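Enquirer:
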Amino acid sequence: MVNMNPLLSIKRIVIVLLSCAALSQAQSTAILSGRVLDPSGAAIPDATITVLHRVGNLARSAASQHDGAFTLMNLPLQTYELRAAKTGFAPLHRVITLNSNVPVSITLTLELEQTAAQMSITAMDRAPLVDPAETGTRVQMSQTDIERMSTRSGNRGLESVLLTFPGFAQNANGAIHPRGVHNQMTFVVDGMPINDQLTGAFANAVDPEIVQTVELYTGNIPAEYGAKVAAVANVTTRSGMGSGRAFSGSASVNASQFDSLASALQVAGERGRIGYSGSVYGMKSNRYLDQVTLDNLHNGGNLERAFGRLDWHPSDRNLLRFNAMTGRSSFQLANLRSQHANGMDQRQRLTDFSAMAGWIRTINPSTTYDATASIRTSAAHLLPSAGDTPVTAWQNRRLTTLTFWNRVNHVRGGHTLKAGFDAQYFPVREAFDFGVTDPEFGDEILRPYDLSRGGSLFRFRQSRAGQFYSGFLQDNVRWGRLQLTLGLRYDVYRFLVNGNHLQPRLGLSYHLRETNTVLRASYNRTYQTPPNENLLLSSSDESSALVAPNVRATLGGAVVQIQPERQNIYEVGVQQGIGSRMSVNVAYYHKNSRDQQDNNNFFDTGIIFPMALARIRVNGVEGRLVVPEFRGFSGTLSLTHARAISTPPFTGGLFIGNTAVDILNAGPFFIDHDQKLSAQGVIRYASRKGFYATTSIRHDSGLVTNPSDPAEVAADADYADLLPYVNLTSAPPRTRPRTVTDLVIGYERRDDNMRRWDVALQVANVTNRTALYNFQSLFVGTRLIQPRTAGVRLRWFF
């Protein structure tokens, strides 16, 4: 045990980081500026300049000033169609690629309308529906699509948005499995990395209300990202810069079944060189988590979130950006019938706070330096009740992560170079109490902790601090039809175990212009660090006191520390444009890993214990069809097939009362991320008169479940009525297939091209399908999908 004062250490490190970085969002967005001129070279004021990315349904506009100057900021790195228009002049169309935060400046010359009467727009003037620069799987969604999606009535996070992308298996309480893993995902919010487990039960998720765009990397992860990179969600939040107003915003209220009520307030604006945005969101619900039985027992909760962002341009060569977000939730843990009858009312509280400060310095027209310093602290507090059964547990854990990112970006000819150094410091504090409340439960080894027979609580208290250092170099090379991404990363990990790893990240793509086809391939080596939540207890000598000797023997004898996971990932893919109306992206990937990371859930509570298996092999095929907007309609279709086979023995975890570990430890087995088919289709319609509709249909063929005995399940009053929704006789056992439809129908009122108010009817699970996410899973327990839930949203704009 290491004794330390976390608050004092945090203060010292924050001072150091803020001193090193005069301090924004790092490398994830671009700045486009320029002037609009007529054929004589005179400035054209009030011209409308728009950048459009049709596949991601992203459109951003700005107006030229009196001197013809314009600026568009906060743009995701992409290839765009640029349009410039002004009455009396012919519209201009151009394709422009933004692949770095090095500012891009252009001059747009508009021809007189009469002069250009004979001109026509060619295919070269429009951005293609494929991106030759993409050497791995990357998809994007914009604010407009996110706003009009149907979201669940309880705890709502950005994970529900990511499920529309291929490669994800859907799990309970907002948890998602990217490409056959559980907890190895990083959210980068305006350059601040967050690799906590963001789900409704374990940590407060990122609020979709603050998102302007989200980009998801699941293939050929750039070398700048590390630690947990099975998927990286690069989130760009809403900014007041470019709004053209000193003050604007919206207020909304959302009411739905199960006593659910939510409200949100957003503001944004700009004045001179300063822009700001902020939001507050609150929600309460009687169906906060996904229930564990057909009955919704003890399942109320509430959630509050707040976010703020400030952009400041003290000069043309300097950009400073600050943001902060915080969240708090308090909720009951859904009960089994036997627990409900015993009076169990266990509650959990989650809190988090994050702050980021950054600086981008333009050194010269081809080079920038950016630095980001951030701090994030999150805490979970589980409160026991008098009726807890068959065990009672108490927890109070805190994780703080301090990060300092440095980046140098340089564009030269066909090269886009980036190099950086990252440092991370993460103090962890854990407190955990446990006791048996049912005398018929548990092995003899748990007898000292049997409170019903005079035992005492098992107690664990420990604090430790770890460090993670990284350096990387990457170059995106454009060479004719060929695009190369050459990256190399080196990580040093110092915590309960020490390690380091060299990681090549390589990719290439080849553009067949004649057929509008892009072929690509990549190889990545990654070094995925263990989750920090409850890692101290899961890897401790003390935890061996809670596990029977024969079980401990199957887990490798003495306590074995959980090692970082080392992965080799191979991907091949093809992008195909179909005329000007559709785009198809297909990928095949293979992953083999040592020391596979996962969790086991402690009796359906919010307590999770990190664990590892010796190896995992994952193969998958993904496809995504995108139909950009045409006559008001647009849509996507995502398909995923994944095979995931894990090989024991287990390391870590806390497998109390779960006999499945003996069965699974016998040899390789299909893990619960494995699924033959998941399909998600989204169809959108928006009329010029303001009416809109979005329908989302998701089919899952069924995740792998616990190898439970059907006879024992039939005799258990808590689970017997769930037998029709699980197939325990298949090999391996799986939940039954399900198809769930969500629907949003709304109307948005506009006056003078300004939004005034909006009303929408939202219905989740329209057909009221009953189905399971999981059943008695060693890793996540039992959870049911949300039943039909109807609600209404009202929103006012000012």
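Note that our numbering has the sequence shown beginning at 99, numbered continuously upward.
Beta carbons are placed, not taken as given, at the ideal position from N, Cα and C, and that holds for glycine.
On a predicted model such as this, the values are computed, not experimentally measured, just so you know.
Mapping the DSSP letters down to three states, classify H797 as helix, strand or coil.
Expert: In the sequence shown, the residue the question calls residue 797 occupies position 699. Reduced to three states, the DSSP call for H797 is strand.
Enquirer: Across the segment 314-325 and the segment 581-598, are there enough close Cβ pairs to call them in contact, namely three or more that are closer than 8 angstroms?
Expert: yes
Enquirer: In this structure, does DSSP put T169 in helix, strand or coil?
Expert: Here residue 169 refers to the residue found at position 71 of the sequence shown. In this structure, T169 counts as strand in the three-state DSSP scheme.
Enquirer: At which residues does the beta strand (DSSP E) containing T839 begin and terminate?
Expert: Position 741 of the sequence shown, counted from the start, is the residue given in the question as residue 839. Note, T839: beta strand (DSSP E), 836-849.
Enquirer: Which class does Q673 belong to by DSSP, given the choice of helix, strand or coil?
Expert: In the sequence shown, the residue the question calls residue 673 occupies position 575. In the three-state reduction of the DSSP assignment, Q673 falls in the strand class.
Enquirer: Classify N900: buried if its beta carbon has 16 or more other beta carbons within 10 angstroms, exposed otherwise.
Expert: With the chain covering 99 to 896 only, the question about residue 900 has no answer from this structure.
Enquirer: Is the beta carbon of L901 sitting closer than 8 angstroms to the one on E528?
Expert: The structure shown has nothing for residue 901, since the chain only spans 99 to 896.
Enquirer: Looking at the structure shown, is R729 part of a helix, part of a strand, or coil, going by DSSP?
Expert: As a working mapping, residue 729 is identified with position 631 in the sequence shown. Correct three-state label for R729: coil.
Enquirer: For A740 versus R277, is the C-beta distance shorter than 8 angstroms?
Expert: As a working note, residue 740 is residue 642 in the sequence shown. As a working note, residue 277 is residue 179 in the sequence shown. Yes, they are a contact pair.
Enquirer: In or out: M852 buried (at least 16 other Cβ within 10 Å) or exposed?
Expert: The count along the sequence shown starts at 1 and reaches residue 852 at position 754. Exposed, because fewer than 16 other Cβ atoms sit within 10 Å of the Cβ of M852.
Enquirer: Is the number of C-beta pairs between the segment 552-561 and the segment 589-604 that are closer than 8 angstroms three or more?
Expert: no
Enquirer: Could you check how far apart the C-beta atoms of L387 and N397 are, in whole angstroms? I think they sit under 8 angstroms.
Expert: Along the sequence shown, read from residue 1 onward, the residue named residue 387 stands at position 289. Along the sequence shown, read from residue 1 onward, the residue named residue 397 stands at position 299. Yes, L387 and N397 are in contact; Cβ-Cβ is about 6 angstroms, under 8 angstroms.
Enquirer: Determine the extent of the beta strand (DSSP E) in which I458 is found, giving its start and end residues.
Expert: Within the sequence shown, the letter at position 360 stands for residue 458. It spans 445-462 - the beta strand (DSSP E) in which I458 sits, taken as one unbroken run.
Enquirer: Do three or more CB pairs link the segment 833-847 to the segment 864-874 at distances below 8 angstroms?
Expert: The answer is yes - the segment 864-874 touches the segment 833-847, with three or more Cβ pairs under 8 angstroms.
Enquirer: Could you tell me the distance, in whole angstroms, from the CA atom of R246 to the CA atom of V857?
Expert: Start at 1 with the first residue of the sequence shown, and residue 246 comes out as number 148. Start at 1 with the first residue of the sequence shown, and residue 857 comes out as number 759. In a straight line, the C-alpha of R246 is about 11 angstroms away from that of V857.
Enquirer: For L170, is the classification buried or exposed, using 16 other Cβ atoms within 10 angstroms of its Cβ as the cut-off for buried?
Expert: Taking the sequence shown and counting its residues from 1, the one referred to as residue 170 is at position 72. Counting Cβ neighbours within 10 Å, L170 comes out buried, since at least 16 surround it.
Enquirer: Measuring alpha carbon to alpha carbon, tell me which of F300, G234, S799, G132 ends up nearest S42.
Expert: Because the chain is modelled from 99 through 896, residue 42 falls outside the range shown and cannot be assessed.
Enquirer: Which runs of the beta strand (DSSP E), 3 residues or longer, sit entirely within the segment 780-826?
Expert: As far as the segment 780-826 is concerned, its whole beta strand (DSSP E) runs of at least 3 residues are 789-798.
Enquirer: Runs of 3 residues minimum, wholly inside the segment 500-534: which ones carry the beta strand (DSSP E) assignment?
Expert: 513-534
Enquirer: Taking R881 as the reference, give the member of S483, D840, L431, W577 with the closest Cα.
Expert: On the sequence shown, residue 881 is found 783 positions in, with the first residue counted as 1. Distance check between R881 and each of S483, D840, L431, W577 places L431 closest, using alpha-carbon atoms only.
Enquirer: Looking at T501 and S472, is the spacing between their C-beta atoms short of 8 angstroms?
Expert: Here residue 472 is taken as the residue at index 374 of the sequence shown, counted from 1. Here residue 501 is taken as the residue at index 403 of the sequence shown, counted from 1. Result yes, Cβ atoms of S472 and T501 sit closer than 8 angstroms.
Enquirer: Nearest to G788 by CA position, among F896, Y845, L580, is which residue?
Expert: Locating residue 788 in the sequence shown gives position 690, where the first residue counts as 1. It is Y845.
Enquirer: In three-state terms, what does DSSP make of S678?
Expert: Within the sequence shown, residue 678 is the residue found at index 580, counting from 1. Coil.
Enquirer: If distances are taken between C-alpha atoms only, which option among H797, R496, V890, T535 comes closest to D294?
Expert: Working through the sequence shown from its first residue, we reach residue 294 at position 196. Checking every option, the nearest Cα to that of D294 belongs to R496.
Enquirer: Does the beta-carbon distance from N614 to V228 come in below 8 angstroms?
Expert: On the sequence shown, position 516 is the one that residue 614 refers to. On the sequence shown, position 130 is the one that residue 228 refers to. Closer than 8 angstroms, so yes.
Enquirer: Among T235, V287, S248, H280, whose alpha-carbon lies nearest the alpha-carbon of F263?
Expert: Position 165 of the sequence shown holds residue 263. Ranking T235, V287, S248, H280 by Cα distance to F263 puts T235 first.
Enquirer: State the start and end residues of the unbroken beta strand (DSSP E) segment that holds R576.
Expert: Within the sequence shown, the letter at position 478 stands for residue 576. Note, R576: beta strand (DSSP E), 556-577.
Enquirer: According to DSSP, F420 sits in a beta bridge with which residue or residues?
Expert: In the sequence shown, residue 420 corresponds to position 322, counting from 1. DSSP, once it has assigned bridges, lists L408, A455 as partnering F420.
Enquirer: Where does E897 land, buried or exposed, given buried means 16+ other C-beta within 10 angstroms?
Expert: Outside the displayed span of the chain (99 to 896) sits residue 897, for which this structure offers no information.
Enquirer: Please classify W503 as buried or exposed, where buried requires at least 16 neighbouring CB atoms within 10 angstroms.
Expert: Residue numbering aside, residue 503 sits at position 405 when the sequence shown is read from its first letter. Buried, since its Cβ has 16 or more Cβ neighbours within 10 Å.
Enquirer: With distances taken Cα to Cα, identify the nearest neighbour of T148 among I142, A141, G139, S162.
Expert: Translated into positions along the sequence shown, residue 148 becomes position 50. Closest option to T148, Cα to Cα, is S162.
Enquirer: Could you tell me how far apart the beta carbons of L296 and V304 are, in whole angstroms, since I believe they sit closer than 8 angstroms?
Expert: Against the sequence shown, residue 296 aligns to sequence position 198. Against the sequence shown, residue 304 aligns to sequence position 206. Confirmed, about 6 angstroms.
Enquirer: Report the partner residues of V153 according to the DSSP bridge assignment.
Expert: Position 55 of the sequence shown, counting from 1, holds the residue named residue 153. For V153, which the question treats as bridged, DSSP gives no partner whatsoever.
Enquirer: Can you tell me the Cα-Cα spacing of Y467 and D850, whole angstroms?
Expert: What you label residue 467 is simply residue 369 of the sequence shown in a count that begins at 1. What you label residue 850 is simply residue 752 of the sequence shown in a count that begins at 1. Y467 and D850: Cα-Cα distance of roughly 41 angstroms.
Enquirer: Just mark P463 as buried or exposed, buried being the case when its beta carbon has 16 or more other beta carbons within 10 Å.
Expert: Along the sequence shown, read from residue 1 onward, the residue named residue 463 stands at position 365. In summary, P463 is exposed, with fewer than 16 beta-carbon neighbours lying within 10 Å of its beta-carbon over all protein chains present.
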